[in-house]
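Asks: Take this structure, written in structure tokens, and hold onto it; I'll ask about it next.
Residue numbers (my numbering): 3 to 219.
Next comes the structure, spelled out in structure tokens:
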């Protein structure tokens with residue numbers, strides 16, 4: 003995530019290589035997914051829960067994909083996504099799909115604060131209990147003068163698409179929906195829509211409608 007505090011500032015000594023006030027902020031991330039079930043007929047995605055005291059008691063609607071901001075305007079955003087994944091999860095994302103194909107482009111979304119987030123999906127696996135995140139520093143408690151360190155990500159977990167949509171910041175939910183649509187298109191090229199997740203709103207192919215309006219900053 004590349005921040006020193008929850009105000010979006012950069013860590014000390016790690017200032018952006020451009021004037022972030024004058025340009026639209028961008029971020030890039032990886033949606034790691036894996037096949038589950040006896041025949042690999044189910045998909046699960048890896049989500050990350052932000053660390054620090056502000057998110058300690060917040061769960062549904064506050065998870066995120068592992069992501070972060072570029073240091074330069076013209077940097078390769080996929081390279082940024084890989085770097086941030088490794089920093090926040092403690093493991094490198096696979097360089098390619100199991101069959102050798104490239105990462106799946108999931109496009110971009112705009113968060114409530116105006117930041118543009120770009121994402122790619124790669125199939126892989128990792129043990130959530132082995133995930134280790136980088137840290138950031140902030141004054142805590144407020145006005146105490148005490149500088150404390152917290153993990154950028156305090157835990158990661160695997161979730162089926164319907165659950166992931168509920169856990170994610172609402173503005174990031176389309177990444178999961180787009181992934182399912184693309185995987186469905188590969189399995190069934192003639193299908194006009196993605197697979198449904200019965201009884202769960204906000205997933206491609208389900209008529210239940212969008213998820214509840216939660217904070218998508």
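Quick reminder that beta carbons are idealized off the backbone N, C-alpha and C, glycines included.
1. Checking the sheet assignment: what are the DSSP bridge partners for residue 122?
2. Leaving out the 5 sequence neighbours to the left and right, which residues in its chain are closer than 7 Å to residue 162 when beta-carbon positions are compared?
3. For the alpha helix (DSSP H) that contains residue 150, what are its first and last residues?
4. If you follow the beta strand (DSSP E) that residue 74 is part of, which residue opens it and which one closes it?
5. Under 6 Å Cβ to Cβ from residue 96, same chain only, skipping five residues before and after it: list those, please.
6. Specify, as a first and last residue, the run of the beta strand (DSSP E) that residue 52 falls within.
7. Counting beta carbon pairs with one atom in the segment 171 to 182 and one in the segment 82 to 94, are three or more of them shorter than 8 Å?
8. Label residue 54 either buried or exposed according to how many other C-beta atoms from any shown protein chain fall within 10 Å of its C-beta, with 16 as the threshold for buried.
Replies: Put simply:
1. Residue pairing of residue 122 in beta bridges, as defined by DSSP: 32, 107.
2. Exclusion of the five residues before and after residue 162 leaves 44, 46 as the residues of its chain whose Cβ lies within less than 7 Å of its Cβ.
3. Looking at the DSSP string, residue 150 is not in any alpha helix (DSSP H); the run it does join, the beta strand (DSSP E), is 149 to 153.
4. Per DSSP, residue 74 belongs to no beta strand (DSSP E) and is neither H nor E.
5. Excluding the 5 residues flanking it on each side, residue 96 has same chain C-beta neighbours closer than 6 Å at 124, 126, in chain order.
6. Annotation for residue 52: the continuous beta strand (DSSP E) segment containing it runs 44 to 52.
7. The segment 82 to 94 makes no contact with the segment 171 to 182: fewer than 3 CB pairs, one atom from each, lie closer than 8 Å.
8. In summary, residue 54 is buried, with 16 or more beta-carbon neighbours lying within 10 Å of its beta-carbon over all protein chains present.
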